[in-house]
Each structure stands twice: as C-alpha cells, then as structure tokens.
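Undergrad: The sequence shown maps to residues 18 to 457 in the numbering used here.
Ideal placement from N, C-alpha and C gives every residue a C-beta, glycine not left out.
Keep in mind the model is a prediction, meaning the values are calculated, not measured.
A single structure is presented below for examination.
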Amino acid sequence: MNKANRMTPFLLVSLLIGCLLFPHGLVQEVQAEPSATEDALAAEGLTLVALRNDTMDMNQDGEPDSIRVVVILNSSSDWTEIELRLHGLHKDKEVQEEQYMAFTGQSNASLVYDAWSEGEHALRLEFINQDGDKITSIELPTYVLKPALKTPQLMLDLDAPGWIETGDDCSINRVFADDTGPRYDASGVRTFSGAPFTVLDNQTILDCSHWPAGEYTLKEAYRNDLGQTAEYWLNLTINNRPAPAFSLDVIGNQNVTDNPCQITMIPNMIGVDFSTFEKTWTVQGTVLPGNRSTTYDCSPLPAGVHLITLEVINNEQIRTVHGINLVRLPGLNLSEDEAATLPSRSFGEETPTKSVGWFSIGALGLIVCLVVFMLLVRVKDEAGTGALRNLGPMPMILADGSPDTQGLPTMTDNDGVLWRQHPDGATDWWDSQLRIWHKW
C-alpha cells in the first residue's frame with residue numbers, strides 16, 4: 018500500500034473526531050505535511066490524531082482576540098512525556114505558551130494564545146521530548162486579532178485641596194495595570210520623575226504633605242519587554258503657608274491697678290484653626306510658664322510700663338510675634354508703703370513740686386561729666402581684652418565644604434534652597450550663611 022492510501026484512514030478519523038468534539042465556534046483544521054511531521058512523531062512512538070484551531074472573542078466585542086489550539090495524540094509507548102509549545106509572532110516580537118503532557122494511550126491538550134497587540138499573529142506549534150529536544154513543529158495559520166488584554170495603563174490620582182499649602186493633607190495614588198507583560202513574562206520597568214525625593218516602585222501612595230513649596234511636574238512612564246509603553250503627567254503646585262496673622266485686644270491699658278486687665282489674641286485668618294498652634298506669652302522678656310491660652314490676665318502686674326509679647330507658631334514652625342507696651346497706673350487710694358514703692362503719679366496742677374537750685378544742677382552736671390570721663394578711659398583700656406562673642410552653632414559641612422546630608426535624599430527648589438528629607442517625612446532646609454540645617 019502506498020503512502021497516499023495509508024493517509025486516507027488517518028484523515029477520515031481526524032475529521033470525524035473533530036466534528037464530534039468541537040461542533041461550535043469558528044474552526045480551522047490544520048494539517049502539516051504528513052511525511053515530515055508523522056515520521057518525526059512516529060520516531061517517538063506518537064501519532065497525531067487531530068489538530069484543531071478555534072478563534073475566540075473573549076471580550077464579546079465582535080472581534081477575535083484569542084486562538085485555542087487543541088491537539089490529540091496517541092502513544093504506543095507505556096509512558097510518554099511531552100511538552101507542547103505554541104509560539105506567536107507579531108511585529109518581530111515572539112511570545113510562547115507551554116503545555117506539559119504525561120500519558121499512556123491517547124490524550125489531548127489545549128493551548129490558548131491571547132493577542133497582546135492588534136494586527137497579524139503568526140502561530141507555530143512545537144513538540145518537545147522529555148530531553149528538551151524539539152521533535153517537530155507545525156506552522157499554523159496567521160490570524161488578524163484585536164487584543165482583549167489591557168494594554169499598560171498609568172494614572173496619578175491626586176487627593177489634596179484645590180489650593181495646596183505646605184502642611185496640607187496631600188497624597189498621590191499611583192494606579193498601574195499591565196495584563197500583557199506579566200501574561201508573557203515580559204514585565205517592564207516603571208520610572209518616576211519630578212518629585213523632590215526618591216520614589217520607589219513599591220510606593221503605591223506618595224505623601225506630599227511634607228514636600229517643600231514649589232511647582233512640580235510629575236511624570237511616570239512604563240515600558241514592558243513587548244515594546245508597549247504608557248506614561249502619565251501631573252502638574253502640582255504647593256504654596257508657602259503664610260505666617261499666623263493675629264492682633265491683640267487690650268483691656269486695662271493706662272488704667273489704674275485697681276481695674277481689671279486682660280489681653281486677648283484675635284485671629285485674623287479665615288478658616289484657620291489656631292487651637293493647635295503653639296502660643297508663648299512673655300513679660301519683659303520672661304516667658305510665662307504654663308500659659309498656652311489665647312488670653313493673658315495682666316491684672317496682677319504692678320504699676321509701671323510692661324512689654325508684653327505673644328509668639329504664635331503654626332504646625333509648619335512658621336512664627337509671628339506681636340507685642341504691646343502696657344501702662345499700669347498706681348491706684349488712687351495707696352498706703353504710705355505702696356506710695357513709697359510705686360512710681361510717682363502726676364495729678365496735674367495739684368501735683369506738689371519742689372524747686373531745684375542752680376547750685377544743685379551744677380553739682381549734678383559736674384558729677385555726670387566725671388563719671389562719663391572715667392567710663393571712656395576704662396572702655397579704651399579694656400577694648401582689646403574683651404571676651405570673644407558667641408560664634409553660633411558649629412557648621413554642618415563636609416571636608417570639601419559641601420553640606421553634610423547624612424545620607425538623606427535632597428532636592429533644590431525653584432528659589433535655590435537645598436532640602437533634605439528624613440525617613441519619617443520631616444524635612445530640613447540648608448542655611449548657606451550659617452552652614453547648618455534648620456528643621457522645617
């Protein structure tokens with residue numbers, strides 16, 4: 018019997034099994050050249066019973082996007098191990114699907130090729146033995162497919178107020194998706210630029226609450242090994258938070274000590290909560306311990322002129338200081354001891370006065386002249402032996418004179434100010450005159 022007669026039963030059996038097993042869908046039967054394929058498989062004790070290709074529409078858009086290849090094999094050996102490899106070639110990029118088979122007698126396998134780009138995809142099926150050597154390959158048809166897999170997608174989702182100031186709650190959610198790269202073990206690399214500090218791939222949410230003020234152009238890009246790319250841009254402006262604005266309301270200024278006295282802080286900023294700000298009251302330069310309220314009771318102050326200041330520091334360590342000169346007059350009904358210790362008070366024309374003679378004035382002037390002369394001579398003698406003034410904190414610089422960043426990430430803003438960021442998100446700025454870091 019010649020070879021053509023031997024192939025007739027084989028073709029009839031293949032068509033019959035294909036019709037019984039796969040009655041639905043768009044089908045294309047593929048038979049390679051019988052001689053080369055069958056001889057190579059026969060050498061391994063295998064017979065190709067049937068080979069079927071089905072186009073599929075996974076996303077139901079009316080366009081084919083996947084190919085299912087079904088292979089039926091018969092083995093004459095007691096135990097057979099084989100690997101099927103389905104290759105897809107598109108635009109000089111080749112991807113591969115694999116299926117392992119271990120069987121006796123007859124068995125079947127199914128491989129699904131998902132299109133990763135729109136256009137023509139040329140398929141090829143390879144048979145690999147258990148030693149990893151190729152037995153044979155079958156060229157399958159070329160299909161025009163439209164992918165159902167999502168191409169790489171990037172997005173930077175900003176969660177912040179419309180007008181952002183330093184210290185405001187600010188976060189950026191990095192949205193990323195790529196179905197095709199991981200599907201074919203062709204994941205790529207993501208790059209992020211424009212942020213003041215280093216951004217790692219595993220940081221899905223960026224905290225921009227501690228970023229210095231400035232204009233930022235953020236860009237994230239991605240490219241997988243299949244050549245697919247995606248990028249996303251985000252423009253972000255962070256404005257400097259203004260210093261706390263407030264005024265002092267005074268009750269009791271220039272009143273006698275018998276009357277009440279109170280100083281109250283009045284916020285002059287709409288929508289700003291001063292309750293969390295640090296407040297420090299001082300009287301004559303002395304800090305009042307434990308007083309962090311918005312009011313100060315100045316009733317206990319004695320008669321005289323008192324310099325009272327209030328320093329308010331917001332959460333970003335920006336501070337404002339206001340002060341007043343508070344005048345407290347002696348009371349009207351004073352005892353002799355109080356009158357002797359308190360400053361004298363003028364009662365207008367009723368104030369008793371004492372005349373001072375010219376002799377007393379001249380003697381006083383002479384004394385003043387002698388004292389001034391002695392002071393001038395003493396200052397001249399001690400001018401070269403004075404103590405050195407305090408030179409301030411030690412500079413934080415390296416041997417080459419550059420700032421010592423202690424290994425922390427840095428950035429330079431639009432005003433030329435150098436910043437560094439701590440692991441907890443806090444930032445410092447570089448004082449180029451004192452050559453030290455200041456906490457922001």
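As a quick exercise: from W457, L253 and G379, pick the residue whose alpha carbon is nearest that of R336.
TA: R336 has its Cα closest to that of W457, out of W457, L253 and G379.
Undergrad: Within 10 Å of its beta-carbon, does N331 have 16 or more other beta-carbons around it, so buried, or fewer, so exposed?
TA: With 16 or more other Cβ atoms within 10 Å, it is buried.
Undergrad: Which residues in the same chain have their Cβ closer than 6 Å to the Cβ of Q147, if we skip the five residues on either side of it in sequence?
TA: If we look at Q147 and ignore the five residues flanking it on each side, its Cβ neighbours are E98.
Undergrad: Could you say if the stretch 60 to 73 and the stretch 103 to 122 meet the contact criterion of at least three C-beta pairs nearer than 8 Å?
TA: As far as the Cβ criterion goes, the stretch 60 to 73 does not touch the stretch 103 to 122, which means the pair count is below three.
Undergrad: Does the beta-carbon distance from L243 to A203 come in below 7 Å?
TA: Yes, Cβ-Cβ distance for L243 and A203 is below 7 Å.
Undergrad: Alpha carbon to alpha carbon, what distance is there between T159 and D56?
TA: Straight-line Cα distance between these residues: approximately 25 Å.
Undergrad: Under 7 Å, do L63 and S92 count as touching if we go by C-beta distance?
TA: Yes.
Undergrad: Under three-state DSSP, which class holds V304?
TA: V304: strand per DSSP, three-state reduction.
Undergrad: Helix or strand or just coil, what does DSSP make of T54?
TA: Reduced to three states, the DSSP call for T54 is helix.
Undergrad: Closer than 6 Å by C-beta to Y233: which residues in its own chain qualify, once you throw out the five before and the five after it? Chain order, please.
TA: If we look at Y233 and ignore the five residues flanking it on each side, its Cβ neighbours are G211 and L253.
Undergrad: Relative to the C-alpha of I152, which residue among E100, S316 and Q220 is closest?
TA: Measuring from the Cα of I152, the nearest candidate turns out to be E100.
Undergrad: On the three-state DSSP scale, how would you describe V216?
TA: Three-state DSSP puts V216 in coil, outside helix and strand.
Undergrad: Below 8 Å, how does it come out for the stretch 217 to 237 and the stretch 165 to 183: are there three or more Cβ pairs, yes or no?
TA: Output reads yes: the stretch 165 to 183 touches the stretch 217 to 237.
Undergrad: Between E295, N272, T221 and L223, which has its C-alpha nearest P317's C-alpha?
TA: When each option's Cα is compared against that of P317, the closest is N272.
Undergrad: What residues in its chain sit with their C-beta under 6 Å from that of R309, if we drop five residues either side in the sequence?
TA: Answer for R309: K296, listed in chain order.
Undergrad: Confirm, please, whether the CB-CB distance from T444 to Q438 is below 7 Å.
TA: Yes. Within cutoff.
Undergrad: Helix, strand or coil, according to DSSP, for I378 in the structure here?
TA: In the structure shown, I378 sits in a helix (DSSP, three-state: H, G or I).
Undergrad: Taking the alpha-carbon positions, what's the P164 to R240 distance?
TA: Distance between the alpha carbons of P164 and R240: 18 Å.
Undergrad: Please name the residue, chosen from R452, N431 and D448, that lies closest to W228 on a Cα-to-Cα basis.
TA: Among R452, N431 and D448, the Cα nearest to that of W228 belongs to N431.
Undergrad: Let me know the beta strand (DSSP E) ranges lying completely inside the stretch 225 to 296, each 3 residues or longer, listed in chain order.
TA: Listed in chain order, the complete beta strand (DSSP E) runs (minimum 3 residues) inside the stretch 225 to 296 are 231 to 240, 246 to 256, 263 to 268 and 279 to 284.
Undergrad: Within the same chain, show all residues whose beta-carbon is closer than 7 Å to that of P440, passing over the 5 residues directly before and after it, in chain order.
TA: Nothing meets the Cβ criterion.
Undergrad: Return yes when the Cβ of D82 is within less than 7 Å of the Cβ of L140, no when it is not.
TA: Cβ atoms of L140 and D82: not closer than 7 Å.
Undergrad: Nearest to A60 by CA position, among D78, L415, Q245 and I145, is which residue?
TA: The option with the nearest alpha carbon to A60 is I145.
Undergrad: Identify whether P199 lies in helix, strand or coil by the three-state DSSP scheme.
TA: Note: P199 maps to helix in three-state DSSP.
Undergrad: Looking at the structure shown, is V329 part of a helix, part of a strand, or coil, going by DSSP?
TA: Residue state, collapsed to three classes: strand.
Undergrad: Using 7 Å as the threshold, is the C-beta distance between I325 and L346 below it?
TA: No, the pair does not count as a contact, with Cβ atoms beyond the cut-off.
Undergrad: Mind checking C386: buried by the 16 CB within 10 Å criterion, or exposed?
TA: That one is exposed.
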